[in-house]
Amino acid sequence: LEVNRLPSIRAINDTIDPPFAVGCRVPDVDKPRANAVLVILARNKELPGVLDSMRSMERHFNRWYHYPYLFLNDGDFNSTFREGVQNVTESVIEFGQISPDLWEFPDWADQEEIAEGIALQGDRAIMYGGMASYHHMCRFYSGKFYKHPMLAKYEWYWRVEPDVKYFCDITYDPFVYMQEHGKVYGFTIVIKELIDTIPNLFRYAAGFRRSRNITSKGMWEVFLTDEEKEKAEKKEKENAKKKPYDHEYRLRDPPDIDPESMNGEKYNLCHFWSNFEIAKLDFFRSKEYEDFFQYLDRSGGFWNERWGDAPVHSLAAGIFLAPEQVHYFRDIGYRHTTIQHCPGNAPKKQLPRTPYVRDPHSKRDREEDRYWDSWDVERENGVGCRCKCD
Ligand code: GDP
Ligand code: MN
77 LEVNRLPSIR
87 AINDTIDPPF
97 AVGCRVPDVD
107 KPRANAVLVI
117 LARNKELPGV
127 LDSMRSMERH
137 FNRWYHYPYL
147 FLNDGDFNST
157 FREGVQNVTE
167 SVIEFGQISP
177 DLWEFPDWAD
187 QEEIAEGIAL
197 QGDRAIMYGG
207 MASYHHMCRF
217 YSGKFYKHPM
227 LAKYEWYWRV
237 EPDVKYFCDI
247 TYDPFVYMQE
257 HGKVYGFTIV
267 IKELIDTIPN
277 LFRYAAGFRR
287 SRNITSKGMW
297 EVFLTDEEKE
307 KAEKKEKENA
317 KKKPYDHEYR
327 LRDPPDIDPE
337 SMNGEKYNLC
347 HFWSNFEIAK
357 LDFFRSKEYE
367 DFFQYLDRSG
377 GFWNERWGDA
387 PVHSLAAGIF
397 LAPEQVHYFR
407 DIGYRHTTIQ
417 HCPGNAPKKQ
427 LPRTPYVRDP
437 HSKRDREEDR
447 YWDSWDVERE
457 NGVGCRCKCD
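Counting from 77, one number per residue, gives the positions in the sequence shown under UniProt numbering.
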């Protein structure tokens, strides 16, 4: 699925800025690095997927930039995992355990309500809804990860997951460029959330915004349905004779807000697909974000519904950021599971090879570079560099 072809994404494209870099360049390795880290949350059993992601990360970016990796886990990383990841990078690797206070649901929450809420979502076949661990993960990424002591020394992070693939060489430092351009949050894919996972999230986000009298800096509107589309959706619903959403929700109305008075604002369900995320940690560490997270957490939506960190981060960007602070990495080709983004300049077919050696130490690099260098000229006006998409 090429998500950047979806119309909803195009609307966002128009709002967000142009790429930092066009075409290929010699990696600017002499520039000082940012205070940044590559963060991977994983379990031991995910080692093969982790190694795939790391190999891709190293090959397309980190072999030049050598950013450290931080592995996080609510359990223990075993020696197989530790040794495995150490074998594929020259970078510094750290392993951090996530303490229960950052992972488990809060003490004040009713344990029976949690178990029941999650079981109910399982019964409804809501994606991952029946898995407590997935709820923990979403809540951790929504409001906790940046509080992990091993992240304290960093200013920036790049989120990496098992089984991701980067299609293009990234020959500039995205952290440094974000810093230089006053960016706070960067993404490469936007998709629509499954409504059943977040039936009440938007009401709470909108309620929060209202109750704190926050004025939009221009991002909020990005996440609102436009009338034309709403009409089309309505029609679609009628056609399908689909019942309007009438499940019994467990969540009460957001505090401090009359839900009938939300200006008719409706969430278009678009969200930055946060399994790829390059962002400034200060954004999450701010008093305002904490206030937002607490507001959401109090509602119980992280267990009575399956609020994902992706729409949570996105709506937070909607509430707190200006479009100028958000960067669309359209030049970073990326794939996770079945969804991918491929920059527009990817070659249609393989062109004749010319002999050229870029990295004399690696046979595989040598082979691939010969191929890529043969169509350098064609790429000059496109975004992305050496993209070979699946
Ligand atoms: P999906 O991409 O939405 O299908 O979700 P994943 O299963 O890939 O989970 C998202 C991220 O959280 C991945 O980096 C997983 O390795 C990690 N993750 C999910 N559940 C757990 C868990 O229970 N423990 C740990 N340590 N990591 C988890
Ligand atoms: Mn994943």
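Every residue, glycine too, gets a C-beta built ideally from N, C-alpha and C.
Item: 8 Å Cβ cutoff met for M130 and V161; Value: yes
Item: Around ligand 2, Cβ to any heavy atom closer than 7 Å, ordered along the chain; Value: E237, P238, D239, N351, H412 and T413
Item: Expected contact under 8 Å - CB spacing of A208 and I194 to nearest Å; Value: 5 Å
Item: Contact under 8 Å by Cβ, V266 with C346; Value: yes
Item: Cα-Cα separation between V459 and C100, rounded to whole angstroms; Value: 9 Å
Item: Contact set for F96: own chain, Cβ-Cβ below 6 Å, skip 5 residues either direction; Value: Y253
Item: For G394 and L327, believed in contact at Cβ under 8 Å, the rounded distance; Value: With a Cβ gap of about 20 Å, L327 and G394 do not count as contacting.
Item: Secondary structure of V79, DSSP reduced to three states; Value: Caution applies to V79, whose pLDDT of 44 falls short of 50 and renders its modelled position unreliable; the value that the coordinates give is listed next. Helix at V79.
Item: Beta-carbon proximity of A112 to E231, cut-off 8 Å; Value: yes
Item: CB-CB length for H224 against L148, believed under 8 Å; Value: 6 Å
Item: Residue range of the alpha helix (DSSP H) that includes N380; Value: G377 to N380
Item: Euclidean distance between Cα positions of Y143 and P124; Value: 21 Å
Item: T301 vs K342 beta-carbon contact at 8 Å; Value: yes
Item: Residue range of the unbroken beta strand (DSSP E) whose run includes E353; Value: E353 to K356
Item: Simplified DSSP assignment, three categories, for F171; Value: strand
Item: Where G394 sits in the DSSP three-state scheme; Value: helix
Item: Nearest-angstrom Cα separation, counted from S155 out to F263; Value: 33 Å
Item: Residue of D183, A118, E134 and A281 minimising C-alpha distance to F369; Value: A281
Item: Bounding residues of the beta strand (DSSP E) (the contiguous stretch that carries I116); Value: A112 to L117
Item: Sequence-distant residues of the same chain with beta carbon closer than 7 Å to F360, five excluded per side; Value: Y222
Item: CB of G219 within 8 Å of CB of D373, strictly; Value: yes
Item: Short Cβ contact (8 Å threshold) for F299 with L391; Value: yes
Item: Cβ-based neighbour list, S167, same chain, cut-off 7 Å, excluding 5 preceding and 5 following; Value: N138, H142, Y143, P144 and Y145
Item: Cβ-Cβ distance between residue 478 and R235 below 8 Å; Value: Examination of residue 478 is not possible in this model, given that the chain is present from 77 through 466 alone.
Item: Spatial neighbours of K424 in its chain, beta-carbon cut-off 8 Å, leaving aside the 5 residues before and after; Value: Per-residue confidence for K424 stands at a pLDDT of 43, beneath the threshold of 50, marking its modelled position as unreliable; the derived number appears in the next sentence. The answer is none, since no qualifying residue turns up.
Item: Alpha carbon of E189 to alpha carbon of E180, nearest angstrom; Value: 14 Å
Item: K342 Cβ short of 7 Å to ligand 3 heavy atom set; Value: Summarising the ligand content, the structure contains ligand 1 and ligand 2 and does not contain ligand 3.
Item: Range of the contiguous alpha helix (DSSP H) that encloses residue 35; Value: A query on residue 35 cannot be resolved here, the shown segment of the chain reaching from 77 to 466 and no further.
Item: Own chain, CB closer than 7 Å to P182, minus 5 neighbours either side, in chain order; Value: D373
Item: Supposed contact pair P238 and A118 - C-beta distance, whole angstroms, cut 8 Å; Value: 6 Å
Item: D128 Cβ short of 7 Å to ligand 1 heavy atom set; Value: no
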